[in-house]
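A short worksheet on the structure shown next.
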Amino acid sequence: MTEVAIIGVGLHPFGRHGAKPALEMGTEAARAALADAGIEWSRVRTAFVGSHEVSNPDAIVGWLGLTGIPVRGAFNGCATGGTLLQLAAASVAHGEADVAMAIGMDKHPRGAFAADPSVAGLPAWYGQTGMFLTTHFFGTKINRYLAEHEISLESLGRIAAKNLGNGSLTPHAWRRKTRSVREILDSEVVNHPLTRYMYCGPNEGAAAVVVCRADLARELCAAPVYVRASELRSRRYGAFELQSPSLPLTPAPSPTVDASVAAYEAAGLGPEDVHVAQLQDTDAGSELIHMAENGFCADGEQEKWLADGMTELGGRLPVNTDGGLIANGEPIGASGLRQIYELVLQLRGHAGERQVSNPRVGYAHLYGAPGASAVTILSR
Amino acid sequence: MTTSVVVAQGLFTWPAEEPRLIASERDGVLSFPARAGEKQHLLGRTGRLWAFTTQRFRPPSPPYDGNDTDETFRPYAIGYVELPGELLVQARLTEADPAKLCIGQRMELRIVPYTVRDDGTEVLTYAFAPAEGDQL
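Pasting the structure below:
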């Protein structure tokens, strides 16, 4: 199959942007990615666009240019960015296009996500009685995980402090104020044991990526980054997932485990080969669990990893180098492509104050409702 | 006299001395809530707490229809109860203090009002309460 490379990345910073439409943010991110690649929109042969709040994200052609190319919308909740990149890479690998784009954008109201349970195929009572919420899933899962593997609350505090610290070094991050582990642990509890500063917040922003055939990339770009794997998996029967009024007694691994295993296999690499990782940190507990579900450590080893600073910028495996979701917030259509933006900067050596020492392989992981996970592996 | 209504029909047997959650079964696989077209299966009333958390902010309305405000909202706990040989069931818990809950403790089904409407009508749903003893 044709090798695929990333030749351009662009970001519209995540945050609060007043009345600015999501499509305008998506357009700016796309133009930034095109400028980074040194090409015009007219050179792009197909694009994949994703958003939760914009019902027709393909309307972005009205802003970027009406060139008549196929532009397809795709949505997989918090895993949307991974899906968009995967589809763009597949269109190049399969020969539909030699240059393709992935563009994600969103603009969420403040506060926890609210929806009618019918959108997830669940009965009305589940919402009426206060059970249709994403946040308490994360509290439930990490509360059991900490007890099962004897991990302290300090580990959660360390993750949030690290991500806010990385955010303080990232000029485009939304939250740039550092906070101590103590301050994070002492902030108000949202869903026991998770506190306010351990959570990300839904917000607004956009990100975009330009991919092309690898042979073309070497002509167009001084430092292409190669897509070694891009996999999406849905949940299996028995996986512990959001929005589950009941679950079978026999468990199954999270879709993260399945996507991760598939991605390592496709890339011909293992967790020990990864130099920098972006892991879905909806909350500090999610990042902690995802360290193990993505194969980087065994269940329970997180306590030592975090105490030893192994996921900090100078550590063995820096995780969420731009502050992740905790420092950037989550416009869900764009969040996965922000991870790719950060990995590409890191692999090029252009990540400024937060640059990791000479990384060659980067790993991006997404997870979200109703149980979908995307894993992308990139290399220089 | 207080009147009460159930939040949904077909969710639990009611009125009943010993109410049961209504699941369904097909080819040996249980589902809760019950699925249309499957055989009814009444779940056991006791189990062990498998995992839990607390809900400390008022959920967005809609869909939440508690007759409270951000100011009067009372935090509650939510968790999964393992019903032996059957399922893990997600439920509100009657105990909201995480210090008084622990994984593995014995829990029992209750039917409780989760809100009271302006006209005094209680709206009933299912919940699990910490139970005495250790035998399921």
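Protein chains in written order, with the working numbering: chain A, 1 to 380; chain B, 1001 to 1136.
C-beta atoms are modelled at their ideal positions from N, C-alpha and C, and glycine is treated no differently.
**Asked** Does the segment 129 to 144 of chain A come within contact of the segment 174 to 185 of chain A, defined as at least 3 CB pairs closer than 8 angstroms?
**Response** No, they do not touch.
**Request:** In angstroms with no decimal places, state the Cα-to-Cα distance between GLU1038(B) and HIS52(A).
**Result:** Rounded to whole angstroms, the separation of the alpha carbons of HIS52(A) and GLU1038(B) is 34 angstroms.
**Prompt:** By Cβ distance below 6 angstroms, which residues in the same chain neighbour GLU293(A) in space, the five residues on each side in sequence not counted?
**Reply:** Cβ contact annotation for GLU293(A) (same chain, cutoff 6 angstroms, sequence separation greater than five): SER254, THR256 and VAL257, in chain order.
**Asked** Could you give the residue range of the alpha helix (DSSP H) that holds ASN163(A)?
**Response** The continuous alpha helix (DSSP H) containing ASN163(A) extends over residues 153 to 168.
**Item:** Neighbourhood of LEU317(A) by C-beta, 7 angstroms cutoff - its chain only, sequence neighbours within 5 removed
**Value:** By the criterion of a C-beta distance shorter than 7 angstroms, LEU317(A) is surrounded in its chain by VAL274, ALA277, PHE296, MET310 and THR311, once the five residues flanking it on both sides are discounted.
**Request:** State the Cα-Cα distance for the pair MET131(A) and GLU1071(B), rounded to the nearest angstrom.
**Result:** Between MET131(A) and GLU1071(B), the C-alpha separation is close to 20 angstroms.
**Message:** Can you tell me whether TYR1126(B) is helix, strand or coil according to DSSP?
**Reply:** Shown here, TYR1126(B) sits in a strand according to DSSP, grouped into three states.
**Asked** Taking the alpha-carbon positions, what's the GLU265(A) to ALA79(A) distance?
**Response** Each residue's alpha carbon lies about 20 angstroms from the other.
**Request:** Take the Cβ of PHE1029(B) as the centre, count every other Cβ of all protein chains shown within 10 Å, and call the residue buried at 16 or more, exposed below.
**Result:** First, the amino acid is wrong: residue 1029(B) is Val here, not Phe. Answer is exposed; the Cβ neighbour count stays below 16.
**Message:** Pull the bridge partners of ALA89(A) from the DSSP assignment, please.
**Reply:** Per DSSP, ALA89(A) has no beta bridge partner at all.
**Given 8 angstroms, three or more beta-carbon pairs between the segment 213 to 227 of chain A and the segment 353 to 361 of chain A** = No: fewer than three Cβ pairs fall under 8 angstroms.
**Prompt:** Near HIS172(A), which residues of its chain fall below 7 angstroms by C-beta distance, leaving aside the five closest residues on each side in sequence?
**Reply:** LEU11 and PRO13, listed in sequence order.
**Boundaries of the beta strand (DSSP E) in which THR1054(B) is found, first to last residue** = Boundaries of the beta strand (DSSP E) around THR1054(B): 1046 to 1055.
**Message:** Counting C-beta neighbours from all protein chains within 10 Å, is the total for HIS94(A) 16 or more, i.e. buried, or is it exposed?
**Reply:** With fewer than 16 other Cβ atoms within 10 Å, it is exposed.
**Request:** Indicate the three-state DSSP secondary structure (helix, strand or coil) for ALA298(A) in the structure shown.
**Result:** Coil.
**Prompt:** Within this structure, are the beta carbons of ARG1092(B) and ALA1127(B) separated by less than 8 angstroms?
**Reply:** In contact: ARG1092(B) and ALA1127(B) (Cβ atoms closer than 8 angstroms).
**Three CB pairs or more closer than 8 angstroms across the segment 145 to 165 of chain A and the segment 180 to 189 of chain A** = Yes, they touch.
**Request:** Measure the C-alpha to C-alpha separation of THR1069(B) and ALA1099(B) and round it to an integer number of angstroms.
**Result:** Roughly 25 angstroms between the two C-alpha positions.
**Asked** In chain order, which continuous runs of the alpha helix (DSSP H) of length 4 or greater are located wholly inside the segment 321 to 364 of chain A?
**Response** Listed in chain order, they are 324 to 328 and 332 to 348.
**Asked** Buried or exposed: which applies to GLU188(A), given that a residue is buried once 16 or more other Cβ atoms fall within 10 Å of its Cβ?
**Response** So GLU188(A) ends up on the exposed side.
**Message:** Please list, in chain order, the chain A residues whose beta carbon lies closer than 7 angstroms to that of ILE1103(B).
**Reply:** By Cβ distance, chain A contributes ARG144 and ALA147.
**Asked** Do the segment 87 to 103 of chain A and the segment 1006 to 1015 of chain B touch if we need at least three Cβ pairs shorter than 8 angstroms?
**Response** The segment 87 to 103 of chain A, when compared against the segment 1006 to 1015 of chain B, does not touch it at the 8 angstroms Cβ threshold.
**Request:** Starting from VAL1007(B), find everything on chain A with Cβ-Cβ shorter than 8 angstroms and list it in chain order.
**Result:** By Cβ distance, chain A contributes TRP125, GLN128 and THR129.
**Prompt:** Do the CB positions of THR333(A) and MET105(A) come within less than 8 angstroms of each other?
**Reply:** Rather than Thr, the amino acid found at residue 333(A) in this sequence is Gly. Yes.
**Prompt:** When we look at the beta-carbon of ARG360(A) and count the other beta-carbons within 10 Å, is it buried (16 or more) or exposed?
**Reply:** The residue is exposed, with fewer than 16 neighbouring Cβ atoms inside 10 Å.
**When ILE377(A), GLY8(A), PRO331(A) and GLY18(A) are compared against GLY205(A), the one with the closest alpha-carbon** = Minimum Cα distance to GLY205(A) is reached at PRO331(A).
**Request:** Could you work out which residues of chain B lie near PRO248(A), taking near to mean beta carbons separated by less than 9 angstroms?
**Result:** By Cβ distance, chain B contributes VAL1029, LEU1030, LEU1087 and LEU1088.
**Request:** Can you grab the Cα-Cα spacing for the pair ARG1106(B) / GLY371(A), in whole Å?
**Result:** Rounded to whole angstroms, ARG1106(B) to GLY371(A) spans 29 angstroms at the Cα level.
**Request:** Please classify THR46(A): does DSSP put it in a helix, a strand, or coil?
**Result:** In this structure, THR46(A) counts as strand in the three-state DSSP scheme.
**Request:** Inspect the CB distances between the segment 1080 to 1096 of chain B and the segment 237 to 246 of chain A and report whether three or more fall short of 8 angstroms.
**Result:** The segment 1080 to 1096 of chain B, when compared against the segment 237 to 246 of chain A, does touch it at the 8 angstroms Cβ threshold.
**Request:** Check the DSSP bridge columns for ASN76(A) and list the partner residues they point to.
**Result:** Note: ASN76(A) sits in a beta bridge opposite CYS78(A).
**Request:** Kindly identify the DSSP beta-bridge partner or partners of ARG1092(B).
**Result:** ILE1078(B) and ALA1127(B).
**Prompt:** Listing by chain order, which chain B residues have their CB less than 7 angstroms from the CB of PRO117(A)?
**Reply:** Those within 7 angstroms of PRO117(A) in chain B are PRO1063.
**Item:** Closer than 8 angstroms to chain B by CB, THR256(A)
**Value:** In terms of beta-carbon proximity, THR256(A) stays away from the interface with chain B, with every pair separated by 8 angstroms or more.
**Item:** Neighbour list for GLY1079(B) in chain A, Cβ cutoff strictly below 8 angstroms
**Value:** Correct list: THR140.
**Asked** Does any CB atom of chain B fall closer than 8 angstroms to the CB of SER425(A)?
**Response** This structure cannot speak to residue 425(A), because chain A is shown only from 1 to 380.
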